[in-house]
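Q:
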Amino acid sequence: MAFSWATTRRPIVALAPMAGVTDASYRQLIKKVAPETVVFTEFLSTNAISYGSERTLKMLEFDPAVERPFIVQIFGSDPQKFLEACKVIEQTGADGIDINMGCPAAKIVSSCYGSALMRNPVLAAELVAAACKAVSIPVSVKTRLGWDSRENLIPFCKALVDAGAKALSIHGRRYCDKFTGKADWEPIYALKKEVNVPVIGNGDIASAEDALRMIRNLDGVMIGRATYGNPWLMREIAEAFNECLLSRDVNGEWKVESGKWKVPGEMTSDEKFGIFRKRVPFILDHCDLSVKYKGEKRGVLEMRRHLGSYVKGFDGAKELRMKLLTLERLDEVQSALKSV
Ligand SMILES: Cc1cc2nc3c(=O)[nH]c(=O)nc-3n(C[C@H](O)[C@H](O)[C@H](O)COP(=O)(O)O)c2cc1C
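Each residue of the sequence shown is one higher than the one before, starting from 33 at the first, in our numbering.
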């Protein structure tokens, strides 16, 4: 059945798109641990897709048996390129297309991509319309609260919905905040009252308790950095929602029975080590997937940042981490992990 943002009964739990992180191996690992997660690709250039860049087309590869619903995130500023790129994406069998209107990186903004589109609402709506015209899969947008204020969030998003956006993910920071300060979700709750499409909140969720506290009237939550070294967080959030979210009231607020969710206490180093050992088979799977998609040299190299996040919190973690970060072959990484 075709994917629709609107028909998910439980709140959406989404893995945030993260360039250099949410590649096929990371997405598949997350789906193994938490199958209900909606996964997004890293952001991909519509220019590169439309002229057939081999490197970018490779980043569209996914495993349909594992990764659904699979959302491809794109960026750019030329409606014609959007049209062409979206057609290519639909042919891969993706379930949806998400447009990046939030990236604050200088080289993105200077080309009128990402966050810069918040300052150009007419073009932003044109891009949504072009994407919707090209494909029958749903088109969504991920954006921030605004450029340097929060005032325009509602009119900006309303215009995107009028142009055809079927869902909105909002990172509770402005462009000018980059990644500093604390995410502010209040404008996201206010936006949800004004639009009739699913709204997903994003920014600073680090635990299942955070997700239960922050969901309020929203249709879902999106988690990024807190999954580093801890993909199991996605499982915890999905379980907490299943156990503690009862129904929505007339205002769309989730009734939360938070007492049902057992907040884990502080663990000893031995307990953390015990958990790490149980997780080793998953980490080995992650390594295998990384090598499958990137080849041994690059796959092992790119695993280093993940291994650095997995191996921490117990006595001896630093030594193991230092060792893992020097290894170049898959069999060396495997035997180092299996020897603990
Ligand atoms: C390394 C990294 C790469 C990111 N790449 C993207 C991206 O490609 N597209 C996007 O929309 N957001 C991107 N983001 C922003 C995240 O999707 C998310 O909005 C942000 O990290 C806040 O959520 P969090 O506090 O749960 O991490 C990136 C963030 C990080 C840390």
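We put the beta carbon where it would ideally sit given N, CA and C, even for glycine.
Among all the DSSP beta bridges, which residues are the ones paired with A46?
A: Stepping through the sequence shown from its first residue, residue 46 is reached at position 14. Per DSSP, V70, M254.
Q: With a CB to CB cut of under 7 Å and the five nearest residues on each side skipped, what residues in its chain are close to R309?
A: Residue numbering aside, residue 309 sits at position 277 when the sequence shown is read from its first letter. V372.
Q: Can you tell me where the alpha helix (DSSP H) holding D242 begins and where it ends?
A: By one-based count along the sequence shown, residue 242 stands at place 210. That run of the alpha helix (DSSP H) goes 240-246.
Q: Straight-line CA distance for D110 to L76?
A: The residue you call residue 110 lines up with position 78 of the sequence shown. The residue you call residue 76 lines up with position 44 of the sequence shown. Near 14 Å, if we compare the C-alpha coordinates of L76 and D110.
Q: Which partner residues does S172 have in the DSSP bridge list?
A: Walking along the sequence shown from the start, residue 172 turns up at place 140. BP columns for S172 point to D130.
Q: Measure how close the beta-carbons of V45 and F273 come, nearest whole angstrom, since I'm counting them as under 8 Å.
A: Residue numbering aside, residue 45 sits at position 13 when the sequence shown is read from its first letter. Residue numbering aside, residue 273 sits at position 241 when the sequence shown is read from its first letter. About 7 Å; that satisfies the 8 Å criterion.
Q: Nearest to D347 by CA position, among G340, E303, H318, K370, is which residue?
A: By 1-based counting over the sequence shown, the position of residue 347 is 315. Nearest C-alpha to D347: E303.
Q: Take I108 and list the residues in its own chain whose beta-carbon comes closer than 8 Å to its own, dropping the five residues that flank it on each side.
A: As a position in the sequence shown, residue 108 is number 76, starting the count at 1. Looking at the sequence shown, residue 108 is not Ile but Gly. Taken in chain order, the residues that qualify are S77, T78, N79, F114, A117, Y145, L159.
Q: Can you tell which of S367, I202, V295 has the C-alpha that lies nearest to the C-alpha of A240?
A: Within the sequence shown, numbered from 1, the residue matching residue 240 stands at position 208. Closest option to A240, Cα to Cα, is V295.
Q: V282: buried (16+ other C-beta within 10 angstroms of its C-beta) or exposed?
A: The residue given as residue 282 occupies position 250 in the sequence shown. So V282 counts as exposed.
Q: So what does DSSP say about S371, is it helix, strand or coil?
A: Translated into the one-based positions of the sequence shown, residue 371 becomes position 339. Coil at S371, not helix or strand.
Q: At a threshold of 7 Å, does I237 count as lining ligand 1 (C-beta to nearest heavy atom)?
A: Mapped onto the sequence shown, residue 237 falls at position 205. Yes, the Cβ of I237 comes within 7 Å of a heavy atom of ligand 1.
Q: Checking the sheet assignment: what are the DSSP bridge partners for S201?
A: Stepping through the sequence shown from its first residue, residue 201 is reached at position 169. Per DSSP, K174, I232.
Q: Should S201 and S172 be called a contact, given that it needs their Cβ atoms to be closer than 8 Å?
A: Position 169 of the sequence shown holds residue 201. Position 140 of the sequence shown holds residue 172. Yes. Within cutoff.
Q: If you draw a straight line from the alpha carbon of S322 to that of A97, how long is it in whole angstroms?
A: Taking the first residue of the sequence shown as position 1, residue 322 is located at position 290. Taking the first residue of the sequence shown as position 1, residue 97 is located at position 65. Distance between the alpha carbons of S322 and A97 is about 17 Å.
Q: Excluding five sequence neighbours on each side, which residues of the same chain lie with their C-beta closer than 8 Å to the C-beta of S279?
A: Indexing the sequence shown from 1 puts residue 279 at position 247. W286, K287, listed in sequence order.
Q: How far does the beta strand (DSSP E) with V104 in it extend, from its first residue to its last?
A: Sequence index remark: in the sequence shown, residue 104 carries index 72 (1-based). That run of the beta strand (DSSP E) goes 102-107.
Q: When you compare each of E86, S85, D95, A258 to S57 by their alpha carbons, which one comes out closest?
A: Residue mapping note: residue 57 aligns to position 25 of the sequence shown, counting from 1. Looking at the Cα atoms, D95 is the closest of the given residues.
Q: From S290 to G297, what does the alpha carbon distance come to, in whole angstroms?
A: Sequence index remark: in the sequence shown, residue 290 carries index 258 (1-based). Sequence index remark: in the sequence shown, residue 297 carries index 265 (1-based). Answer to the nearest angstrom: the Cα atoms are 16 Å apart.
Q: Residues bridged to L76 by DSSP?
A: Residue numbering aside, residue 76 sits at position 44 when the sequence shown is read from its first letter. In the DSSP output, where bridge partners are listed per residue, L76 has I106.
Q: For the structure I just gave you, are there three or more beta carbon pairs, one from the stretch 254-271 and one from the stretch 219-236, closer than 8 Å?
A: Result yes; three or more Cβ-Cβ pairs closer than 8 Å.
Q: Taking the alpha helix (DSSP H) that R280 belongs to, which residues open and close that run?
A: Taking the first residue of the sequence shown as position 1, residue 280 is located at position 248. R280 -> not in any alpha helix (DSSP H); beta strand (DSSP E) instead, spanning 277-280.
Q: Apart from the five residues just before and just after N228, which ones in its own chain have a Cβ nearer than 8 Å to its Cβ?
A: Locating residue 228 in the sequence shown gives position 196, counting from the first residue. Hits under 8 Å: V193.
Q: Since V288 is in the beta strand (DSSP E), which residue starts that stretch and which ends it?
A: Numbered from its first residue, the sequence shown carries residue 288 at position 256. Element bounds for V288: 286-288.
Q: For G379, which residues from the same chain have a beta carbon less than 8 Å from its beta carbon, with the 5 sequence-adjacent residues on both sides left out?
A: This structure cannot speak to residue 379, because the chain is shown only from 33 to 372.
Q: Give a single yes or no on whether Q366 has its beta carbon closer than 7 Å to a heavy atom of ligand 1.
A: Translated into the one-based positions of the sequence shown, residue 366 becomes position 334. No, since every heavy atom of ligand 1 falls outside the 7 Å radius drawn around the Cβ of Q366.
Q: Report the start-end ranges of each alpha helix (DSSP H) in the stretch 281-355 that is 4 residues or longer and not cut off at the edges.
A: List check, alpha helix (DSSP H) in window: 301-326, 328-342.
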